[in-house]
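J.: Just passing along the structure, written as structure tokens.
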Amino acid sequence: MNPTIEINLKNIKKNWLYLDGLSKKNIETGAVVKANAYGLGSNEVANALWEVGNRSFFVATAEEGIFLNKILPKNRKIYILNGYDKNYKKAFIEFNLIPVLNSPLNLTSFFENNKSNSVCIQIDVGMRRLGFQPNELFQFKEIIKKLNLDLVLGHLTTAIKPKNIANKKQLNNFKEAITNFPTVRKSLAASHGIFINNNYHFDLTRPGVALFGGIKNRNILNVVNIELPVLQTHFLNKGEGIGYGLTYCSNEKKKVATLAGGYADGLTRNFSNIGFLYHKKIPCPILGRISMDLVTVDITHLKEEPKKLTFIGTEQTINDLSDISNSISHEILINIGNRYTKKYLN
Numbered sequence: 000m001n002p003t004i005e006i007n008l009k010n011i012k013k014n015w016l017y018l019d020g021l022s023k024k025n026i027e028t029g030a031v032v033k034a035n036a037y038g039l040g041s042n043e044v045a046n047a048l049w050e051v052g053n054r055s056f057f058v059a060t061a062e063e064g065i066f067l068n069k070i071l072p073k074n075r076k077i078y079i080l081n082g083y084d085k086n087y088k089k090a091f092i093e094f095n096l097i098p099v100l101n102s103p104l105n106l107t108s109f110f111e112n113n114k115s116n117s118v119c120i121q122i123d124v125g126m127r128r129l130g131f132q133p134n135e136l137f138q139f140k141e142i143i144k145k146l147n148l149d150l151v152l153g154h155l156t157t158a159i160k161p162k163n164i165a166n167k168k169q170l171n172n173f174k175e176a177i178t179n180f181p182t183v184r185k186s187l188a189a190s191h192g193i194f195i196n197n198n199y200h201f202d203l204t205r206p207g208v209a210l211f212g213g214i215k216n217r218n219i220l221n222v223v224n225i226e227l228p229v230l231q232t233h234f235l236n237k238g239e240g241i242g243y244g245l246t247y248c249s250n251e252k253k254k255v256a257t258l259a260g261g262y263a264d265g266l267t268r269n270f271s272n273i274g275f276l277y278h279k280k281i282p283c284p285i286l287g288r289i290s291m292d293l294v295t296v297d298i299t300h301l302k303e304e305p306k307k308l309t310f311i312g313t314e315q316t317i318n319d320l321s322d323i324s325n326s327i328s329h330e331i332l333i334n335i336g337n338r339y340t341k342k343y344l345n
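Residue numbers 0 to 345, in numbering that gives the first Met the number 0, belong to the letters of the sequence shown in order.
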């Protein structure tokens, strides 16, 4: 028996519409759907977003862009966040994939191979991962002038904390850099940046994890529901341990359920002995160490023996799990894995 995941496409659409409504009507709302739409399925998610009006899609790699090209109508834009890869020169040209140029080396490679197609440039406003520095913009300004520039973007480091002083500093860094591109569209805000204030919106916003319920906001709807089937129930006697390493030892007789689902399915070992699964609204503590395929929970307090328990749902969202495991909602989603039986709700 496989665990099941329900993915609510209707709520993804509603989340996009809500986020779109936070900015002015002349500002476009795009969508970040990299890593197979955060593990939820690029095909279904991208088409749902298309239906609701999204036209700009951001992915990480050329391969992801090639896949989107197969499933979306032609009047869309697909941005490749990791930049230009000359190994996919033909695909960039044929499918009009828009590389986000992140370095002088990436710029010269694109210019030598593919200078006529649309392109985006990323400004490093403070992340110090990818992007052009101000002096590099000046150094390569003659080449940049010859590009068919579609967009200039930046990426905030601390947008999850709206009052962090780094946000204002990076906004100013971005404003200073974009003076070099007076007629080109600009984009700075991703999911959390949208909520700081409208000074961060510019011409296009780029929500990602917010579309999938991954930020704490009462207007953002949950998208994922995961249920794990019970494989076996048994009693754990006083003094007995359970699981690898016997990290849990019972101080009384307990009834235990073993369920199909482990760290291969997103139940990371961080949840061992501290996390919960749910029977309706009733929490069932995880006992012992979570293994690759199995998890054991205490069901002593349940009036009926369950056939399944909920891992992610109304009572425990991906945001709750990120708090419990000292992680982030992005990581919770990505770690869900591919063994689930998927059911899409629309």
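Cβ coordinates follow ideal geometry from the N, Cα and C atoms, glycine included.
Which two residues bound the contiguous beta strand (DSSP E) that contains residue 137?
T.: Mapped onto the sequence shown, residue 137 falls at position 138. Residue 137 -> not in any beta strand (DSSP E); alpha helix (DSSP H) instead, spanning 133–138.
J.: Contact defined as beta carbons within less than 8 angstroms: I believe residue 98 pairs with residue 79. What is the distance between those atoms, to the nearest angstrom?
T.: By one-based count along the sequence shown, residue 98 stands at place 99. By one-based count along the sequence shown, residue 79 stands at place 80. Indeed they touch by this definition, with Cβ atoms about 5 angstroms apart.
J.: Could you tell me the distance, in whole angstroms, from the CA atom of residue 131 to the CA atom of residue 137?
T.: For the purposes of this step, residue 131 is identified with residue 132 of the sequence shown, where counting begins at 1. For the purposes of this step, residue 137 is identified with residue 138 of the sequence shown, where counting begins at 1. Cα to Cα, residue 131 sits roughly 10 angstroms from residue 137.
J.: Entirely within the segment 163–219 and at least 3 residues each: give me those beta strand (DSSP E) ranges in chain order.
T.: Correct list: 184–186.
J.: Less than 7 angstroms separating the Cβ of residue 282 from some heavy atom of the ligand FMN?
T.: Because no ligand of any kind appears in the structure shown, any question about the ligand FMN cannot be addressed here.
J.: Alpha carbon to alpha carbon, how far is residue 56 from residue 110? Give it in angstroms, no decimals.
T.: Taking the sequence shown and counting its residues from 1, one reaches residue 110 at position 111. Taking the sequence shown and counting its residues from 1, one reaches residue 56 at position 57. Taking the straight line joining both Cα atoms gives about 23 angstroms.
J.: Should residue 235 and residue 258 be called a contact, given that it needs their Cβ atoms to be closer than 8 angstroms?
T.: Along the sequence shown, one-based indexing puts residue 235 at 236. Along the sequence shown, one-based indexing puts residue 258 at 259. Taking 8 angstroms as the Cβ cut-off, residue 235 and residue 258 do not qualify as a contacting pair.
J.: Between the segment 64–83 and the segment 44–53, are three or more C-beta pairs nearer than 8 angstroms?
T.: As far as the Cβ criterion goes, the segment 64–83 touches the segment 44–53, which means the pair count is three or higher.
J.: What does a CB cutoff of less than 6 angstroms around residue 206 pick up in its chain, not counting 5 residues either side in sequence?
T.: Walking along the sequence shown from the start, residue 206 turns up at place 207. Counting only Cβ-Cβ distances below 6 angstroms, and skipping sequence neighbours, we find 18, 190.
J.: Helix, strand or coil for residue 239, going by three-state DSSP, please let me know.
T.: On the sequence shown, residue 239 is found 240 positions in, with the first residue counted as 1. If DSSP states are grouped into helix, strand and coil, residue 239 belongs with coil.
J.: Is the separation between the beta-carbon of residue 119 and that of residue 84 shorter than 8 angstroms?
T.: As a working mapping, residue 119 is identified with position 120 in the sequence shown. As a working mapping, residue 84 is identified with position 85 in the sequence shown. No, Cβ-Cβ distance for residue 119 and residue 84 is not below 8 angstroms.
J.: CB-CB under 7 angstroms to residue 34, same chain, minus the five flanking residues each way: which ones, in chain order?
T.: As a position in the sequence shown, residue 34 is number 35, starting the count at 1. Contacts found: 59, 333.
J.: In the structure shown, what three-state DSSP assignment does residue 303 receive?
T.: What you label residue 303 is simply residue 304 of the sequence shown in a count that begins at 1. It is coil, neither helix nor strand.
J.: Helix or strand or just coil, what does DSSP make of residue 7?
T.: In the sequence shown, residue 7 corresponds to position 8, counting from 1. Strand.
J.: Under the DSSP definition of a beta bridge, which residues are partnered with residue 282?
T.: Your numbering for residue 282 matches position 283 in the sequence shown. Note: residue 282 sits in a beta bridge opposite 277.
J.: With H, G and I counted as helix, E and B as strand and the rest as coil, what does DSSP make of residue 83?
T.: Looking up residue 83 in the sequence shown gives position 84. Reduced to three states, the DSSP call for residue 83 is coil.
J.: So what does residue 148 bridge to, in DSSP terms?
T.: Position 149 of the sequence shown holds residue 148. BP columns for residue 148 point to 118.
J.: Whose C-alpha, out of 324, 307, 238, 320, is nearest the C-alpha of residue 2?
T.: For the purposes of this step, residue 2 is taken as the residue at position 3 of the sequence shown. For residue 2, the nearest C-alpha among the options comes from 307.
J.: In chain order, what residues of the same chain have a beta carbon less than 6 angstroms from the beta carbon of residue 345, not counting five sequence neighbours either side?
T.: Here residue 345 is taken as the residue at index 346 of the sequence shown, counted from 1. Closer than 6 angstroms at the Cβ level, and outside the excluded window around residue 345, lie 8, 9.
J.: Closer than 7 angstroms by C-beta to residue 233: which residues in its own chain qualify, once you throw out the five before and the five after it? Chain order, please.
T.: Reading the sequence shown from its first residue, position 234 is the one you call residue 233. Here the set comprises 255.
J.: Counting pairs of beta carbons, one from the segment 317–331 and one from the segment 265–283, are three or more of them closer than 8 angstroms?
T.: Yes, they touch.
J.: Roughly how many angstroms separate the alpha carbons of residue 151 and residue 117, rounded to a whole number?
T.: Start at 1 with the first residue of the sequence shown, and residue 151 comes out as number 152. Start at 1 with the first residue of the sequence shown, and residue 117 comes out as number 118. So the alpha carbons of these two residues sit roughly 12 angstroms apart.
J.: Could you have a look at residue 44 and say whether DSSP puts it in helix, strand or coil?
T.: Against the sequence shown, residue 44 aligns to sequence position 45. Helix.
J.: Counting only runs that start and end within the segment 315–345, where is the alpha helix (DSSP H) found for 4 or more residues in a row?
T.: DSSP runs (the alpha helix (DSSP H)) wholly in the segment 315–345: 317–323, 328–333.
J.: Are the Cβ atoms of residue 288 and residue 243 separated by less than 8 angstroms?
T.: Numbered from 1 along the sequence shown, position 289 holds the residue referred to as residue 288. Numbered from 1 along the sequence shown, position 244 holds the residue referred to as residue 243. Going by C-beta atoms, residue 288 is nearer than 8 angstroms to residue 243.
J.: Name the two residues that bound the continuous beta strand (DSSP E) containing residue 103.
T.: Mapped onto the sequence shown, residue 103 falls at position 104. Where residue 103 is concerned, there is no enclosing beta strand (DSSP E), although the alpha helix (DSSP H) it sits in stretches over 103–113.
J.: Distance, Cα to Cα, residue 169 vs residue 194?
T.: On the sequence shown, position 170 is the one that residue 169 refers to. On the sequence shown, position 195 is the one that residue 194 refers to. Whole-angstrom Cα-Cα distance: 16 angstroms.
J.: Assess, as a yes-or-no matter, whether the segment 307–323 is touched by the segment 203–219 under the definition of 3 or more beta carbon pairs within less than 8 angstroms.
T.: Contact holds: three or more Cβ-Cβ distances are below 8 angstroms.
J.: Taking the C-alpha atoms as reference points, what is the distance between residue 114 and residue 143?
T.: In the sequence shown, the residue the question calls residue 114 occupies position 115. In the sequence shown, the residue the question calls residue 143 occupies position 144. Residue 114 and residue 143: Cα-Cα distance of roughly 10 angstroms.
J.: My output table needs one value for residue 94: the three-state DSSP class, helix, strand or coil.
T.: Residue 94 sits at position 95 when you count from the first residue of the sequence shown. Residue state, collapsed to three classes: coil.
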